[in-house]
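Q: In our numbering, each residue's number is its place in the sequence shown (first place is 1) plus 15.
The beta carbon of each residue, even a glycine, is placed where N, CA and C say it ideally should be.
On a predicted model such as this, the values are computed, not experimentally measured, just so you know.
After the structure tokens below, expect a handful of questions from me.
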Amino acid sequence: FFCLSLNNLLFGFALFNWCVAGNIAVHLSLSPLPCEQPAFSLFLFVILQLVHIYLHILTNPFAAFLHRFHLGLSHSMEKPHSPISIPEASPKPYKKSFVTTLMEAASLRSPFKEDTYFTSHLKASEKKALQELKDKLMASYGPDGECTMWGIPLLAEDEKADVVLLKFLRARDFRVLDSFRMLEKCLAWRKEFKADSVGEEDLGFKELEGVVAYMHGYDREGHPVCYNAYGVFKDKDMYERIFGDEEKLNKFLRWRIQVLERGISLLHFKPGGINSIIQVTDLKDMPKRELRVASNQILSLFQDNYPEMVARKIFINVPWYFSVLYSMFGPFLTQRTKSKFVISREGHAAETLYKFIRPEDVPVQYGGLSRPNDLQKPASEFAVKGGEKVNIQIEGIEAGATITWDLVVGGWDLEYSAEFVPNKEDSYTIAVEKPRKLSPTEEAIRNSYTSKELGKLVLSVDNTSSRRKKVAAYRYTVRKSTLE
Numbered sequence: 016f017f018c019l020s021l022n023n024l025l026f027g028f029a030l031f032n033w034c035v036a037g038n039i040a041v042h043l044s045l046s047p048l049p050c051e052q053p054a055f056s057l058f059l060f061v062i063l064q065l066v067h068i069y070l071h072i073l074t075n076p077f078a079a080f081l082h083r084f085h086l087g088l089s090h091s092m093e094k095p096h097s098p099i100s101i102p103e104a105s106p107k108p109y110k111k112s113f114v115t116t117l118m119e120a121a122s123l124r125s126p127f128k129e130d131t132y133f134t135s136h137l138k139a140s141e142k143k144a145l146q147e148l149k150d151k152l153m154a155s156y157g158p159d160g161e162c163t164m165w166g167i168p169l170l171a172e173d174e175k176a177d178v179v180l181l182k183f184l185r186a187r188d189f190r191v192l193d194s195f196r197m198l199e200k201c202l203a204w205r206k207e208f209k210a211d212s213v214g215e216e217d218l219g220f221k222e223l224e225g226v227v228a229y230m231h232g233y234d235r236e237g238h239p240v241c242y243n244a245y246g247v248f249k250d251k252d253m254y255e256r257i258f259g260d261e262e263k264l265n266k267f268l269r270w271r272i273q274v275l276e277r278g279i280s281l282l283h284f285k286p287g288g289i290n291s292i293i294q295v296t297d298l299k300d301m302p303k304r305e306l307r308v309a310s311n312q313i314l315s316l317f318q319d320n321y322p323e324m325v326a327r328k329i330f331i332n333v334p335w336y337f338s339v340l341y342s343m344f345g346p347f348l349t350q351r352t353k354s355k356f357v358i359s360r361e362g363h364a365a366e367t368l369y370k371f372i373r374p375e376d377v378p379v380q381y382g383g384l385s386r387p388n389d390l391q392k393p394a395s396e397f398a399v400k401g402g403e404k405v406n407i408q409i410e411g412i413e414a415g416a417t418i419t420w421d422l423v424v425g426g427w428d429l430e431y432s433a434e435f436v437p438n439k440e441d442s443y444t445i446a447v448e449k450p451r452k453l454s455p456t457e458e459a460i461r462n463s464y465t466s467k468e469l470g471k472l473v474l475s476v477d478n479t480s481s482r483r484k485k486v487a488a489y490r491y492t493v494r495k496s497t498l499e
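Right under this line is the structure:
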């Protein structure tokens, strides 16, 4: 009955897609991955029709039985180590809604395996294509010709040159002629655009640095991370100031390329090294129609001139309808394409980013510990299971010493408190921070306390009212008293 009902609604929903697909295409077009808006809209329409037919088949009880028998799914959960905790009884299982299930399905990813760029790992046909591309470059530029990209001489018999050439070959499925044409156009564009020197220019976008597009930290594997957030352009005055005319738009595009070039300068261009970046795009409050022209031009520049430069694209604060639609057409994408996408719905940014980036490297506005102009002190990670309370004890705090701590929990939605416990038995415990419930969108806690006697600080994270496991991190510094 459910499949039949959904089947009847799906055709109408497919038509509704024509209205929303344009907006979704803008979301995707802000990433350097292929997506043409009209084609994408048509693609979603076709996919929804296929799902429509598929559900029609499933309404047949026998077909449904065969489908369920053929597609058995199993899931395994990894159990990370956690610090001192007070275990509680396991919570009872709960039922998930249909929309929740779809959203979770959209966020599931198979393990990502990045290209190593070792020529010894290439197939015979791929090695042949690489050599043919080198021969074409040599014939075009000559042995004494100048052909460099990102400071790497492409005519040299060098592993760095191989990495660059393999990026163009992979972008064109190892079709040598297409790869050569793409490479030639890119070299011509870089010369005309003066891309090699754009990183040192002052383009006058200080107000956008650290807000709209910026490099910030690294992921767990060492990839530089680029954050993109276009919500500020919802303000009409800001939009007019940046995109008011063609000259302003071109200046913004140059600045956006500048950010990318600075990120690329951090790459190794070495087999087995870090040869691509991570893109994180925040869709919260992002204007859609207004950014369509800019996003199309950014997309075109990235596609044509920066092949295979993005290891993974993470979308955060994604509208619910985008998650549902992605879960529907996701099965029709290639495994390589799906491995590059991560979809995180609104309110789950920190939990998603923690899977790929350490909490101390995640910006504080996205639920991390990293603040502007802050010392990047490593943090200790731990897990808080559903139904558990974790007490973090920082001992040996001397009289007159000041302790400063940072604490964050991905998705919070639990109770937190802090207290100072003196070593003397006749002294009283001091409530530094009374127990309080923290909302899922709270930023990291930072506080300090100066002790009057020897003792310890106890930070409590109480997750007993939740069934979900949370990932958390903390760090602290102790500054001793300068008074004798």
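Taking DSSP as the reference, what is the three-state secondary structure of Arg187?
A: For this step, residue 187 is matched to residue 172 along the sequence shown. Arg187 falls in the coil class under three-state DSSP.
Q: Using a Cβ distance threshold of 8 Å, determine whether the stretch 175-191 contacts the stretch 304-313, with at least three qualifying pairs required.
A: They do not touch, by the three-pair rule.
Q: According to DSSP, is His231 part of a helix, a strand, or is it coil?
A: For the purposes of this step, residue 231 is identified with residue 216 of the sequence shown, where counting begins at 1. In this structure, His231 counts as strand in the three-state DSSP scheme.
Q: To which residues of the same chain is Glu375 closer than 8 Å at the C-beta, ignoring the five residues directly before and after it?
A: Here residue 375 is taken as the residue at index 360 of the sequence shown, counted from 1. The answer, listed in chain order, is Gly383, Leu384, Ser385, Gln391, Lys392, Pro393, Ala394, Ala488 and Arg490.
Q: For Glu361, collect the residues of the same chain with a Cβ closer than 6 Å to its Cβ; drop the 5 residues on either side in sequence, then sort them by chain order.
A: Taking the first residue of the sequence shown as position 1, residue 361 is located at position 346. If we look at Glu361 and ignore the five residues flanking it on each side, its Cβ neighbours are Asn332.
Q: Measuring CB to CB, does Ala244 end up less than 9 Å from Val227?
A: Numbered from 1 along the sequence shown, position 229 holds the residue referred to as residue 244. Numbered from 1 along the sequence shown, position 212 holds the residue referred to as residue 227. Yes, these two residues count as a Cβ contact at 9 Å.
Q: Can you look up Met253 in the DSSP assignment and give me helix, strand or coil?
A: The residue labelled residue 253 in the question sits at position 238 within the sequence shown. Met253: helix per DSSP, three-state reduction.
Q: Excluding the 5 residues flanking Asp177 on each side, which residues of the same chain have their C-beta closer than 8 Å to its C-beta?
A: To locate residue 177, count along the sequence shown from 1; it is residue 162. Correct list, in chain order: Tyr132, Thr134, Leu145 and Pro286.
Q: At what residues does the beta strand (DSSP E) containing Val473 begin and finish?
A: Translated into positions along the sequence shown, residue 473 becomes position 458. It spans Gly470 to Asp477 - the beta strand (DSSP E) in which Val473 sits, taken as one unbroken run.
Q: Using a 10 Å radius around the Cβ and a threshold of 16 neighbouring Cβ atoms, would you call Ala104 buried or exposed?
A: The count along the sequence shown starts at 1 and reaches residue 104 at position 89. Because the pLDDT of Ala104 is 39, which lies under 50, any placement of that residue in the model is unreliable, and the number read from its coordinates should be weighed accordingly. By the 10 Å Cβ count, Ala104 comes out exposed.
Q: Heavy atom of the ligand ATP less than 8 Å from the Cβ of Phe397, yes or no?
A: No copy of the ligand ATP occurs in the structure displayed, which carries no ligand at all.
Q: Could you check the C-alpha separation between Met301 and Lys452 for me, to the nearest Å?
A: Within the sequence shown, the letter at position 286 stands for residue 301. Within the sequence shown, the letter at position 437 stands for residue 452. Their Cα atoms are separated by approximately 30 Å.
Q: Is Lys149 helix, strand or coil by DSSP?
A: For the purposes of this step, residue 149 is taken as residue 134 along the sequence shown, with counting starting at 1. If DSSP states are grouped into helix, strand and coil, Lys149 belongs with the helices.
Q: When you compare only the Cα positions, how much space is there between Ala479 and Ser463?
A: Sequence index remark: in the sequence shown, residue 479 carries index 464 (1-based). Sequence index remark: in the sequence shown, residue 463 carries index 448 (1-based). In the sequence as displayed, the identity of residue 479 is Thr instead of Ala. So the alpha carbons of these two residues sit roughly 26 Å apart.
Q: Quick check: what's the CA-CA separation for Phe344 versus Lys353?
A: By 1-based counting over the sequence shown, the position of residue 344 is 329. By 1-based counting over the sequence shown, the position of residue 353 is 338. The straight-line gap from Cα to Cα measures roughly 11 Å.
Q: Kindly list the residues whose CB is nearer than 6 Å to the CB of Leu223, restricted to its own chain and excluding five residues on each side of it in sequence; keep chain order.
A: Locating residue 223 in the sequence shown gives position 208, where the first residue counts as 1. No residues qualify anywhere along the chain.
Q: Considering only residues of the stretch 283-326, which uninterrupted beta strand (DSSP E) runs meet the minimum length of 3 residues and lie entirely inside it, listed in chain order?
A: List check, beta strand (DSSP E) in window: 292-297.
Q: Would DSSP call Thr352 helix, strand or coil?
A: One-based indexing of the sequence shown puts residue 352 at position 337. It is helical.
Q: Distance check for Leu281 and Ile293, CA to CA, integer angstroms please.
A: If you number the sequence shown from 1, residue 293 lands on position 278. If you number the sequence shown from 1, residue 281 lands on position 266. Approximately 12 Å, taken between the alpha carbons.
Q: Exposed or buried, which one is Ala326 when buried takes at least 16 other CB atoms within 10 Å?
A: Position 311 of the sequence shown holds residue 326. Flag for Ala326 reads buried.
Q: Do you know how far the Cα of Leu152 is from the Cα of Trp270?
A: Position 255 of the sequence shown, counting from 1, holds the residue named residue 270. Position 137 of the sequence shown, counting from 1, holds the residue named residue 152. Approximately 30 Å, taken between the alpha carbons.
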